[in-house]
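**Q** Take a look at this one; I'll ask things after.
Residue numbers (the UniProt record's numbering): 1 to 354.
Here it is, written out as structure tokens:
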């Protein structure tokens, strides 16, 4: 006989009772929040199953002491998660083991970068100082030798055979053939003043006996002449083409200046040469040269400010009436009251040049 089957009604769900607040257990660490699962990369031969899904937000809390289904990484409850392992190499390849760089343990010598030279040591610095000192010493020795050689050369230049004077005692050296004396330089000829020359007056008077004069005999000139005794003469080179002997006397503004030029004719002082010479006076004549005799031209200019100027151009030879060989140009600028010594000097030049 079969026992009767009674349908058991399903249990009526009870309202959820309030869960007690978890309290820490003595000497046990408080529970830590669950760590997220560490993803794993798939191996060639299989796939790691997906982590369990997280419980829904409206799920009732778990009873005290029950572990969550969410996996916790090892050591997460006590520190940071362990870094994920290196993915396994494909099948058939060897796994490369990477060694983490370790700090220098102080043993051995660290290797320097090849492009940065090491700093010099104390021994290197000392060697460099010694080398510099030796170089300076060598330079000083060379300079001293050069000075000694120069001094010896200078002494040899001044102490020549036959010119040295023996002032000490001792045995006299054996006399050798004395060198022949060097010929003395030929003196530059100077002209001679001709006392017997007849005076010639172009304008004004001539020098008289007893007047204070000085003979000017310039080197290489074909004649000499007289000036006032206080005249100072010198050869002067100035502007292009100006080469003359200048004679001055007096005090400014009443001073006197005279210029004297002598040139040798190339074509016997013909008309063409004379025209060229008359444009080569030291100063501008400021007037037209007029002939006073066949070989002389003259012009006098009064500037109206108390100053006057005289210009004479004369052609001459060695004898009166002979072929013409030179030209002399004389110019004088002076104060009008003091023109007499200028005219006497000009006339003396004309008298000494036949």
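The C-beta atom is built at its ideal place from N, Cα and C for all residues, glycine as well. Fair warning: this is a prediction, and the values are worked out from it, not measured in the lab.
By the DSSP assignment, the beta strand (DSSP E) with residue 228 in it spans what residues?
**A** Residue mapping note: residue 228 aligns to position 228 of the chain shown, counting from 1. Unbroken beta strand (DSSP E) run through residue 228: 225-228.
**Q** Label residue 259 either buried or exposed according to how many other C-beta atoms from any shown protein chain fall within 10 Å of its C-beta, with 16 as the threshold for buried.
**A** For this step, residue 259 is matched to residue 259 along the chain shown. Buried.
**Q** DSSP three-state label for residue 280, please.
**A** Walking along the chain shown from the start, residue 280 turns up at place 280. The answer is coil: DSSP assigns residue 280 none of H, G, I, E or B.
**Q** For residue 192, which of 214, 202, 132, 201 has the nearest alpha-carbon?
**A** Here residue 192 refers to the residue found at position 192 of the chain shown. Taking only the C-alpha atoms, the option nearest residue 192 is 214.
**Q** Give me the Cα-Cα distance between residue 135 and residue 147, rounded to the nearest whole angstrom.
**A** Taking the first residue of the chain shown as position 1, residue 135 is located at position 135. Taking the first residue of the chain shown as position 1, residue 147 is located at position 147. Looking at the two C-alpha atoms, the distance is approximately 19 Å.
**Q** Note the first and the last residue of the continuous alpha helix (DSSP H) segment covering residue 342.
**A** Reading the chain shown from its first residue, position 342 is the one you call residue 342. Its alpha helix (DSSP H) spans residues 340-351.
**Q** Just curious, the beta strand (DSSP E) that residue 291 is in, first and last residue?
**A** Position 291 of the chain shown holds residue 291. Where residue 291 is concerned, the enclosing beta strand (DSSP E) stretches over 290-293.
**Q** Report the residue from 251, 242, 257, 211 whose alpha carbon sits nearest the alpha carbon of residue 233.
**A** The residue labelled residue 233 in the question sits at position 233 within the chain shown. It is 257 whose Cα lies nearest to the Cα of residue 233.
**Q** Taking a contact to mean a Cβ-Cβ separation below 7 Å, would you say residue 344 touches residue 238 in this structure?
**A** In the chain shown, residue 344 corresponds to position 344, counting from 1. In the chain shown, residue 238 corresponds to position 238, counting from 1. No, these two residues do not count as a Cβ contact at 7 Å.
**Q** In chain order, what residues of the same chain lie with their CB nearer than 7 Å to the CB of residue 221, ignoring the 5 residues before and after it?
**A** Taking the chain shown and counting its residues from 1, one reaches residue 221 at position 221. Once the five neighbours on either side are set aside, the close Cβ partners of residue 221 are 191, 262.
**Q** If we count the other Cβ atoms within 10 Å of its Cβ and call it buried at 16 or more, is residue 228 buried or exposed?
**A** The residue labelled residue 228 in the question sits at position 228 within the chain shown. The residue in question, residue 228, is buried, as its Cβ has 16 or more Cβ neighbours within 10 Å.
**Q** Tell me which residues share the same chain as residue 272 and place their Cβ nearer than 6 Å to its Cβ, disregarding the 5 neighbours each side in the sequence.
**A** Counting from 1 along the chain shown, the entry for residue 272 is found at position 272. Excluding residues within five positions, none has a Cβ falling inside 6 Å.
**Q** Express the C-alpha separation of residue 212 and residue 269 in angstroms, rounding to a whole number.
**A** Numbered from its first residue, the chain shown carries residue 269 at position 269. Numbered from its first residue, the chain shown carries residue 212 at position 212. Cα-Cα distance, rounded: 35 Å.
**Q** Taking 6 Å as the limit between beta carbons, can you name the residues of its chain near residue 332, skipping five residues before and five after?
**A** Reading the chain shown from its first residue, position 332 is the one you call residue 332. Answer for residue 332: 258, 310, 342, listed in chain order.
**Q** Thinking C-alpha only, which one of 217, 325, 200, 207 is nearest residue 189?
**A** Numbered from 1 along the chain shown, position 189 holds the residue referred to as residue 189. Closest by alpha carbon: 217.
**Q** Could you work out which residue in 133, 277, 329 is closest to residue 246 when comparing CA atoms only?
**A** Residue numbering aside, residue 246 sits at position 246 when the chain shown is read from its first letter. Comparing Cα positions, the closest option is 329.
**Q** Using a 10 Å radius around the Cβ and a threshold of 16 neighbouring Cβ atoms, would you call residue 254 buried or exposed?
**A** Locating residue 254 in the chain shown gives position 254, where the first residue counts as 1. When all chains shown are included, residue 254 counts as exposed.
**Q** Taking residue 202 as the reference, which of 314, 149, 243, 132 has the closest Cα?
**A** Stepping through the chain shown from its first residue, residue 202 is reached at position 202. Of the listed residues, the one whose Cα sits closest to residue 202 is 314.
**Q** Report the option in 323, 290, 334, 283 whose CA atom is closest to the CA atom of residue 380.
**A** There is no way to answer for residue 380, as the model of the chain reaches only from 1 to 354.
**Q** Exposed or buried, which one is residue 244 when buried takes at least 16 other CB atoms within 10 Å?
**A** Within the chain shown, the letter at position 244 stands for residue 244. Classification of residue 244: buried, given that the 10 Å Cβ count is 16 or more.
**Q** Find the nearest neighbour of residue 327 within the set 184, 207, 278, judged by alpha-carbon distance.
**A** If you number the chain shown from 1, residue 327 lands on position 327. For the residues 184, 207, 278, the minimum Cα distance to residue 327 belongs to 278.
**Q** When burial is assigned at 16 or more other CB atoms within 10 Å of the CB, is residue 186 buried or exposed?
**A** Reading the chain shown from its first residue, position 186 is the one you call residue 186. Exposed, because fewer than 16 other Cβ atoms sit within 10 Å of the Cβ of residue 186.
**Q** For residue 352 and residue 223, which I take to be in contact (beta-carbon distance under 8 Å), what is that distance rounded to the nearest angstrom?
**A** As a position in the chain shown, residue 352 is number 352, starting the count at 1. As a position in the chain shown, residue 223 is number 223, starting the count at 1. Between residue 223 and residue 352 the Cβ distance is about 4 Å, and since that is below 8 Å, they are a contact.
**Q** Which value, in whole angstroms, describes the spacing of the CA atoms of residue 267 and residue 324?
**A** Along the chain shown, one-based indexing puts residue 267 at 267. Along the chain shown, one-based indexing puts residue 324 at 324. Going by the C-alpha atoms only, they are around 9 Å apart.
**Q** My output table needs one value for residue 272: the three-state DSSP class, helix, strand or coil.
**A** Indexing the chain shown from 1 puts residue 272 at position 272. Three-state result, residue 272: helix.
**Q** Just the Cα atoms here: how many angstroms apart are residue 230 and residue 319?
**A** Taking the chain shown and counting its residues from 1, the one referred to as residue 230 is at position 230. Taking the chain shown and counting its residues from 1, the one referred to as residue 319 is at position 319. Each residue's alpha carbon lies about 31 Å from the other.
**Q** Whole angstroms is fine: what's the gap from residue 265's alpha carbon to residue 249's?
**A** Numbered from its first residue, the chain shown carries residue 265 at position 265. Numbered from its first residue, the chain shown carries residue 249 at position 249. Cα-Cα distance, rounded: 31 Å.
**Q** Quick check: what's the CA-CA separation for residue 347 versus residue 316?
**A** Within the chain shown, residue 347 is the residue found at index 347, counting from 1. Within the chain shown, residue 316 is the residue found at index 316, counting from 1. Roughly 14 Å separates the two Cα atoms.
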